[in-house]
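Residue numbers (our numbering): 372 to 476. Glycine included, every Cβ here is placed at the ideal spot set by N, Cα and C. For reference, the structure discussed in these notes is given below.
In structure tokens, the structure reads:
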């Protein structure tokens, strides 16, 4: 849904899990990462940790999306992050605002 909503204004790539996301990041060098907290291969926290090791500046340009059902470790992780966290279903205006804010930094 997000890809359809923003494909006219933004270049959007899709990854199915942490490993796919890391491959896409290596190939495309994105400006911002929109990351679901719950995804195959370790979830958003794992992706953030791995991006932090390889591209620390990009790790600061991540937006996390959550459906609300998270474990205690994920809740603690999100509480320590300065990046935006958006609830599903994602409000397109809130997403654009978060993208705009990170693009300025």
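Beta carbon of residue i nearer than 9 Å to that of residue j
i, j, result
"residue 473", "residue 455", "yes"
"residue 395", "residue 384", "yes"
"residue 409", "residue 445", "yes"
Residue range of the unbroken beta strand (DSSP E) whose run includes residue i
i, result
"residue 407", "404-407"
Host alpha helix (DSSP H) of residue i (start-end)
i, result
"residue 422", "414-425"
"residue 381", "Counting along the chain, residue 381 falls outside any alpha helix (DSSP H), and DSSP gives it neither H nor E."
Exposure label - residue i; buried when at least 16 CB within 10 Å
i, result
"residue 414", "buried"
"residue 437", "buried"
"residue 465", "exposed"
"residue 416", "buried"
Supposed contact pair residue j and residue i - C-beta distance, whole angstroms, cut 8 Å
i, j, result
"residue 418", "residue 389", "5 Å"
"residue 423", "residue 430", "4 Å"
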